[in-house]
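What follows is a set of notes on a single structure, which appears directly below.
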Amino acid sequence: MAAAKRLSPEQIVAKLRDAEKLQGQGATIPQVCKRLGVSEQTFYRWRSKYGALKEDEAIRLKTLEQENARLKRIVAEQALDISMLKDLSKGNF
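Note that UniProt numbering gives residue 41 to position 41 of the sequence shown, counting from 1, and the numbers run on in steps of one.
Here's what the structure looks like:
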């Protein structure tokens, strides 16, 4: 099987809209997944995460997730700095 390619949230939302159209035309989930070129597991994961989003909302979600990850890294670095300073102040080298 080919290596998995990462799709942008906008592309995923567009594929989910296509899936809705296909289902409206009577296609089953396995048929829709085959047409989209994804597994059923991927389809259901996408639908649970992006199903109710519009493309602009998907872009905003990705931006917020990136910002959240950045802030988590900053907090982790600060916690490490505080821990090291506490160790130094106690004389535990």
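Cβ atoms here follow ideal geometry from the backbone N, Cα and C, with glycine treated the same way.
Item	Value
Taking the alpha helix (DSSP H) that Gln-41 belongs to, which residues open and close that run?	40–50
May I ask you to report which of helix, strand or coil DSSP gives Gln-11?	helix
Thinking Glu-10 and Glu-65 are a contact (beta carbons under 8 Å), I'd like their distance in whole angstroms, please.	The Cβ separation is near 14 Å, so there is no contact.
Give every residue of the same chain whose Cβ lies closer than 8 Å to the Cβ of Val-38, excluding the five residues on either side of it in the sequence, and list them in chain order.	Lys-15 and Trp-46
Does DSSP put Leu-53 in a helix, a strand or coil?	coil
Does DSSP put Lys-5 in a helix, a strand or coil?	coil
Taking all protein chains shown into account, do 16 or more other C-beta atoms lie within 10 angstroms of the C-beta of Ile-12, making it buried, or fewer, making it exposed?	buried
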